[in-house]
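Here my numbering is used: the first residue of the sequence shown is 3, the next is one more, and so on. Just so you know, even glycine gets a beta-carbon here, dropped at the ideal spot from N, CA and C.
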Amino acid sequence: MAINKIKTKWILFVLVSCFFAFTARSQSFYAQVSSNKAQVGVPFEYALVLTVSGSNLVQPTFKDFDIVSGPNQSNSVQYTNGVMTQQIVISYGLVAKKEGKLTIGPASVMAGGQKLETKPITMEVGKGAGSNQISGNSEEEPKINSKISGGDVFIRTGVSKTKCYYGEQILITQKVYSRFSIIGFKKINTPAYDGFYAQSLEAISKGQVSNENVDGVVYQTYEIFRTLATANKSGKITLNPMTAEVVVRKQTANAKPKNIFEQFFGASNYEDIPVNAKSSALTIDVAPIPEAGKPAGYYGAVGEYSYKVEPSRSEVKANDAFNLKLTITGKGNIKLVDAPKLTLPESFETYDPKITESGNSKTFDYLIIPRNEGNFKLENLDFSYFSLDTKKFNTIPAPEISIKVLPADPNSKGAQVYVQQSQVKETENDIRYIKKGDFVLLKSETEFFNSSLHILLLTLSILVLGSGLFLRRKYIKNNSNMVLVKERKAGKIAKKQLVNAEKFMQQNKKDEFYTEILMALNSYISNKLNIPIADLSREKITNVLTKKQVDQQSITKLVSTLETSEYAKYAPGAVSGDLQQVYKNTVDLITGLEEQINKKV
Numbered sequence: 003m004a005i006n007k008i009k010t011k012w013i014l015f016v017l018v019s020c021f022f023a024f025t026a027r028s029q030s031f032y033a034q035v036s037s038n039k040a041q042v043g044v045p046f047e048y049a050l051v052l053t054v055s056g057s058n059l060v061q062p063t064f065k066d067f068d069i070v071s072g073p074n075q076s077n078s079v080q081y082t083n084g085v086m087t088q089q090i091v092i093s094y095g096l097v098a099k100k101e102g103k104l105t106i107g108p109a110s111v112m113a114g115g116q117k118l119e120t121k122p123i124t125m126e127v128g129k130g131a132g133s134n135q136i137s138g139n140s141e142e143e144p145k146i147n148s149k150i151s152g153g154d155v156f157i158r159t160g161v162s163k164t165k166c167y168y169g170e171q172i173l174i175t176q177k178v179y180s181r182f183s184i185i186g187f188k189k190i191n192t193p194a195y196d197g198f199y200a201q202s203l204e205a206i207s208k209g210q211v212s213n214e215n216v217d218g219v220v221y222q223t224y225e226i227f228r229t230l231a232t233a234n235k236s237g238k239i240t241l242n243p244m245t246a247e248v249v250v251r252k253q254t255a256n257a258k259p260k261n262i263f264e265q266f267f268g269a270s271n272y273e274d275i276p277v278n279a280k281s282s283a284l285t286i287d288v289a290p291i292p293e294a295g296k297p298a299g300y301y302g303a304v305g306e307y308s309y310k311v312e313p314s315r316s317e318v319k320a321n322d323a324f325n326l327k328l329t330i331t332g333k334g335n336i337k338l339v340d341a342p343k344l345t346l347p348e349s350f351e352t353y354d355p356k357i358t359e360s361g362n363s364k365t366f367d368y369l370i371i372p373r374n375e376g377n378f379k380l381e382n383l384d385f386s387y388f389s390l391d392t393k394k395f396n397t398i399p400a401p402e403i404s405i406k407v408l409p410a411d412p413n414s415k416g417a418q419v420y421v422q423q424s425q426v427k428e429t430e431n432d433i434r435y436i437k438k439g440d441f442v443l444l445k446s447e448t449e450f451f452n453s454s455l456h457i458l459l460l461t462l463s464i465l466v467l468g469s470g471l472f473l474r475r476k477y478i479k480n481n482s483n484m485v486l487v488k489e490r491k492a493g494k495i496a497k498k499q500l501v502n503a504e505k506f507m508q509q510n511k512k513d514e515f516y517t518e519i520l521m522a523l524n525s526y527i528s529n530k531l532n533i534p535i536a537d538l539s540r541e542k543i544t545n546v547l548t549k550k551q552v553d554q555q556s557i558t559k560l561v562s563t564l565e566t567s568e569y570a571k572y573a574p575g576a577v578s579g580d581l582q583q584v585y586k587n588t589v590d591l592i593t594g595l596e597e598q599i600n601k602k603v
């Protein structure tokens, strides 16, 4: 028990540390169980899933349950739209103590100044395997006087294959074998799946014991855990043994009926015995993905896939947006497939994709804004994956996609004007006619040369000229480096653009408001960090601001404001919020970034 307490405290310490080290894009905290139905003495899994930044985790009470394994911790980290999200899963192996409707209370955590709680989980718990005498349909169990040996009760770790490729999924099962009736478990120690990304599945036993013939001997079997594992490194990886304390029921040596009633009903004397069972270690040989023949557009997909490319429209006005969806569907490590990098025309701006997963499908939704009119083709959109059937790379060609960009609407807010040389026409009236004629020079009554006025004006002219030359040299010096000029004026320019945003906010014109907010933020970041607007990505912004020692909270706030504004402008129904709060956050954000960045210079 002391060891379990130490282990629990250590994992909670790691959990809280991870909370402070990472800032999640969204706050989520919930509990789940492997099955809502259980049996007395039969283990099931309870897990807390956290994707929040918080502290002060309070575990639920397990008053009607015994903890037979855990808490066990697994972590996963993802980059979505340039934002890092960490998911932490704390899992327990639980065994119900009694029958009936049992409830696991809520767990809680503090996040963002709020207390988040999981919902209580109510389970239907039936009689255990021993109560139902499930061994009655099996072979007669051995009557032995000696102690139970290792060959009578043991655990086997099964794998779907012992040789696989990096990124390939394999199935791992943990199953207990017993020559006696399996009553339940007191303790289960699951191994850590080092070298694999592990995903727990529901065990096919579902609380039921079955029979299996092994070398002519019939065993009762029970599948404890079933895991889908994806290799995340190459080489020989060892799966460590699993241990469990299994409670079995065996007939005692002097199994005689005590009275006529027991003799009539066939009752006997049985003893429930805890047995320490252990599996053997297994080695998985993980081969790396071949470098030979690897296509340029390979993003880590292993398995068998189909691929679809869908532009939201084929005709769009300059400075208007359209969406490009790339959907990958199939069997394989779809969670680990990276977002494809698009090769677009120079006048096309794009943002990090919105990534959604549904079952065995993953969609990358890119927002694209063309700036120049014309006819364009989107190329190099092919998708490649490593096929486990052929052990070769397969490439699915993308259909040819043509985008016609019409001239921009001159009345659109924030539209940039591009004028072609062919549109500039010369006219005969560009230079007006100079009138000709005689003119007469008149002699002044007074002499101006060497007069007091002449000397005064000459002195003033010299002073003005000298001052002008001095100011001009200073101006040239200060503005010789345009990068520094833009950086110095970035805050002022952005705040001028926010004046327009404030006007649209007061008029409740959401589309125009978010356009000005986006323009202010994008121009500020571009000028301040010397990043062309076409190259602005969440990841690049995060990296540059981190190097400039801007605090993580400000970076996260900037990325969140950009994403909210983009989706509010280009997908109006997807965002609802207070314009005044968005405006205030943007002003505070730019002011705060100015102070932090200028302080480091």
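- Contact between residue 98 and residue 67 holds: their C-beta atoms lie close to 6 Å from each other, under 8 Å.
- Collapsing the DSSP output to three states places residue 373 in coil.
- Between residue 515 and the set 492, 504 and 388, the nearest pair of CA atoms involves 504.
- Under a 10 Å Cβ-count criterion, residue 462 is classified as exposed, with fewer than 16 other Cβ atoms of the shown protein chains found around its own Cβ.
- Nearest to residue 65 by C-alpha distance, out of 45, 100 and 44, is 100.
- Secondary structure note for residue 522: its alpha helix (DSSP H) is the uninterrupted segment 512-531.
- Here the region 380-391 lies against the region 336-345, with 3 or more beta-carbon pairs under 8 Å apart.
- Counting C-beta pairs with one atom in each stretch, the region 163-173 and the region 214-233 have three or more that are closer than 8 Å, which means they touch.
- DSSP places residue 315 outside both helix and strand once states are collapsed to three, so it counts as coil.
- In the three-state scheme derived from DSSP, where H, G and I count as helix and E and B as strand, residue 232 is classed as strand.
- Counting only runs of 3+ residues, the beta strand (DSSP E) found wholly inside the region 163-244 occupies 165-167, 171-180, 183-191, 198-203, 212-216, 219-233 and 237-241, in chain order.
- In the three-state DSSP reduction, residue 395 falls in the strand class (E or B).
- Each of 309, 391 and 197 was checked against the Cα of residue 399, and the nearest Cα belongs to 309.
- Residue 387 is positioned such that its CB atom lies closer than 8 Å to that of residue 303.
- In the displayed model, residue 551 falls within coil according to three-state DSSP, outside both helix and strand.
- Residue environment analysis places residue 366 among the buried positions, since at least 16 neighbouring C-beta atoms fall within 10 angstroms of its C-beta.
- When DSSP states are grouped into helix, strand and coil, residue 299 belongs to the coil group.
- Residue environment for residue 582: exposed (fewer than 16 other C-beta atoms within 10 angstroms of its C-beta).
- Rounded to the nearest whole angstrom, the C-alpha separation of residue 593 and residue 517 is 20 Å.
- According to DSSP, residue 47 shares a beta bridge with 95.
- Annotated three-state conformation of residue 159 is strand, per DSSP.
- Of the candidates 191, 52, 298 and 223, the residue whose Cα lies closest to the Cα of residue 155 is 223.
- A residue is called buried when at least 16 other Cβ atoms come within 10 angstroms of its Cβ; residue 350 meets this threshold and is buried.
- Three or more beta-carbon pairs drawn from the region 368-378 and the region 312-330 are found closer than 8 Å, and the two stretches are therefore classed as touching.
- Bounds of the beta strand (DSSP E) holding residue 118 are 116-119.
- In this chain, the beta strand (DSSP E) harbouring residue 287 covers 284-289.
- Non-local C-beta neighbours of residue 60 in its own chain, meaning closer than 8 Å and more than five positions away in sequence, comprise 109, 110 and 111, ordered along the chain.
- Closest option to residue 216, judged by alpha-carbon separation, among 157, 378 and 300: 157.
- If you compare the alpha carbons of 283, 473, 307 and 160 with that of residue 395, the shortest gap goes to 307.
- Counting only residues of its own chain and dropping the five nearest sequence neighbours on each side, residue 499 has a CB closer than 8 Å to the CB of 518, 521, 522 and 525.
- C-alpha of residue 211 to C-alpha of residue 237: approximately 36 Å in a straight line.
- Our two residues, residue 234 and residue 291, have alpha carbons roughly 11 Å apart in a direct line.
- The C-alpha of residue 375 is placed about 10 Å away from the C-alpha of residue 405.
- Residue environment: residue 457 is assigned as exposed (fewer than 16 neighbouring CB atoms within 10 Å of its CB, all protein chains considered).
- Beta-bridge annotation (DSSP): residue 246 is paired with 190 and 279.
- Residue environment analysis places residue 544 among the buried positions, since at least 16 neighbouring C-beta atoms fall within 10 angstroms of its C-beta.
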